[in-house]
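A.B. asks: This note's numbering puts the last residue of the sequence shown at 287; the count rises by one with no breaks.
Positions of the beta carbon are idealized from the N, C-alpha and C atoms, including for glycine.
Just so it is clear, the structure is predicted and the values come from calculations on it, not from any experiment.
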Amino acid sequence: MSSSVEPPARALEQRTYDEWPSALRALFDGAVLASKAGFTASLITCDAGGHLRTSLLGAGELYAPDSRSIAFALWPSSRAARTLTGLAGDAFAHRPEPGSPARRRARAALTFVYEGAFHQVQLAVEPISGEAGATAGGLALFVASIEVGEAQQVGYARLTSGIAFALSGDEPERQAVLARWERQIDALREAANRRSPSGG
């Protein structure tokens, strides 16, 4: 006789969340960036032509200002930045009257591997500073609200990593990257705080 019930070791375990679990909030807290070098998340966007685009983001380009959102930095010339700015601009052009339902925002997904699980987080995205989010550092800044996050893992195998990288160059070059990341996180933190009425 066969059973339709999967043995525990083979069953897919899925968890959903609408705010960052504490371990992920710590991952995206903008602190101790040297220990997070190598972590990579994929930001997936869909352009007006229906083509999916992937941007790879490191720990120095992601910051969670609170438990329900993520701020991120992109090169303004990247397809993802242009797509998100364009979609958000189209949505903002049709801004509802005060008191009416919330305006539509651009959509994206953030995917990554952490602590043995594959995470996919559906996001509602908008630019957060200046003209199309451009900053003095030359990056475009965005903030996204979590619509739903999902973590998946199985008992018979453990994901050991997703996409990962190592900083190249000599020690001064690696330190320069970490210093740039610190400045980027500071810019994300400041922009997110300006956006938030509570300042955090």
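1. Which residue from H206, Q101, V200, R261 puts its Cα closest to that of S37?
2. Mark V230 as exposed unless 16 or more other C-beta atoms lie within 10 angstroms of its C-beta, in which case mark it buried.
3. If contacts are defined as beta-carbon pairs under 8 Å, then F159 and L130 qualify, I think. What distance do you get, rounded to the angstrom?
4. How many whole angstroms separate the CB atoms of A128 and L226, which I take to be in contact at a CB cut-off of 8 Å?
5. Please work out which residues of its chain come closer than 6 Å, Cβ to Cβ, to V241, disregarding the five sequence neighbours upstream and downstream, and give them in chain order.
6. Using CA coordinates, which residue listed in S255, V264, Q239, E106 is at the minimum distance from A146?
7. Taking only three categories from DSSP, how would you classify R194?
8. Under the rule that 16 or more other beta-carbon atoms within 10 Å means buried, what is P259, buried or exposed?
9. On the three-state DSSP scale, how would you describe R281?
10. Please name the residue in G236, R281, A124 whose C-alpha comes closest to that of T103.
11. Can you give me the start and stop residues for the beta strand (DSSP E) that A227 sits inside?
12. By how many angstroms is the C-alpha of K123 removed from the C-alpha of N280?
C.D. replies: Result, derived from the coordinates:
1. Since the displayed the chain opens at 88 and closes at 287, residue 37 lies outside it and no answer follows.
2. buried
3. 7 Å
4. Contact doesn't hold; Cβ gap of about 16 Å is too wide.
5. L99
6. V264
7. strand
8. exposed
9. helix
10. G236
11. 227 to 241
12. 23 Å
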